[in-house]
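Participant:
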Amino acid sequence: DIGSFGWSGVTPSAISTDGSVIVGGARTLSGEHAFRWSVDRGMQDLGTLGGNYSFATSLSDDGGVVCGTSHDAAGSWHAFRWTEATGMQDLGAPEGFATAATVAMDRAGSAIVGSMWTASGMSGAFRWTPATGIRSIDNLDQASSAASGVSASGAVVVGKMRFVPEEL
761 DIGSFGWSGV
771 TPSAISTDGS
781 VIVGGARTLS
791 GEHAFRWSVD
801 RGMQDLGTLG
811 GNYSFATSLS
821 DDGGVVCGTS
831 HDAAGSWHAF
841 RWTEATGMQD
851 LGAPEGFATA
861 ATVAMDRAGS
871 AIVGSMWTAS
881 GMSGAFRWTP
891 ATGIRSIDNL
901 DQASSAASGV
911 SASGAVVVGK
921 MRFVPEEL
């Protein structure tokens, strides 16, 4: 039993390689918060980026780095990266995109991938690293793209694209 902060429910989403750390979301009276559970520390509330909702989607092999999605104070979705040393950090969004959500990270927690959206609903895949920050992945001039996974090294990103047929 990993506990639930006394809240109404816990949804785990990922587990470290050795099984000593689990992340996900725990429901509160006002929303949901990302959590990190470890054998050593038990449940940790990772907080939010100012809103009422956050959810952890992935973690590094050793469990020391967590990524996920959170509402900011205005209710917009933002991708985040969390470590014990830094707490929850907003990954931002490339120019032209309003919101972002993470889905996966490499084994070390140094490359994070996900999807972002414009105000009009167009989507694009992104990759974040500490060196480059958040960067849009080229969608080959197609209507939309979404990242769904990243290799162990963080060098290869997989996902999908919606192709728009050329007009005849």
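Position in the sequence shown (first residue = 1) + 760 = the working numbering.
Beta carbons are placed, not taken as given, at the ideal position from N, Cα and C, and that holds for glycine.
Computed from a predicted model, the values in this text were never measured in an experiment.
For the pair the stretch 828-838 and the stretch 882-891, tell me if three or more CB-CB distances fall below 8 Å.
Facilitator: The stretch 828-838 vs the stretch 882-891: no contact.
Participant: In or out: residue 796 buried (at least 16 other Cβ within 10 Å) or exposed?
Facilitator: Residue 796 should be labelled buried.
Participant: Taking all protein chains shown into account, decide if residue 844 is buried (16 or more other Cβ within 10 angstroms of its Cβ) or exposed.
Facilitator: Answer is exposed; the Cβ neighbour count stays below 16.
Participant: Using 8 Å for Cβ pairs, my map puts residue 783 next to residue 773. What's the rounded Cβ distance?
Facilitator: Going by Cβ atoms, the distance from residue 783 to residue 773 rounds to 6 Å, so yes, they are a contact pair.
Participant: Can you tell me which of the three DSSP states residue 857 falls into?
Facilitator: The answer is coil: DSSP assigns residue 857 none of H, G, I, E or B.
Participant: So does the stretch 813-822 actually touch the stretch 785-805, counting three or more Cβ pairs closer than 8 Å?
Facilitator: The stretch 813-822 is in contact with the stretch 785-805.
Participant: Would you list, in sequence order, the uninterrupted alpha helix (DSSP H) runs of no fewer than 4 residues that lie entirely inside the stretch 786-838?
Facilitator: Qualifying alpha helix (DSSP H) stretches: none in this window.
Participant: Do you know how far the Cα of residue 828 is from the Cα of residue 888?
Facilitator: C-alpha separation (whole angstroms): 12 Å.
Participant: Who pairs with residue 770 in a beta bridge, going by DSSP?
Facilitator: Answer is 786, bridged to residue 770.
Participant: Report all residues from its chain with a CB closer than 8 Å to the CB of residue 904; omit the five preceding and five following residues, and keep chain order.
Facilitator: For residue 904, where only same-chain residues beyond five positions count, the Cβ hits under 8 Å are 882, 883, 884, 921, 922.
Participant: With which residues is residue 780 paired in a DSSP beta bridge?
Facilitator: None, per the DSSP bridge assignment.
Participant: Helix, strand or coil for residue 913? Go by DSSP, reduced to three states.
Facilitator: Coil, per DSSP.
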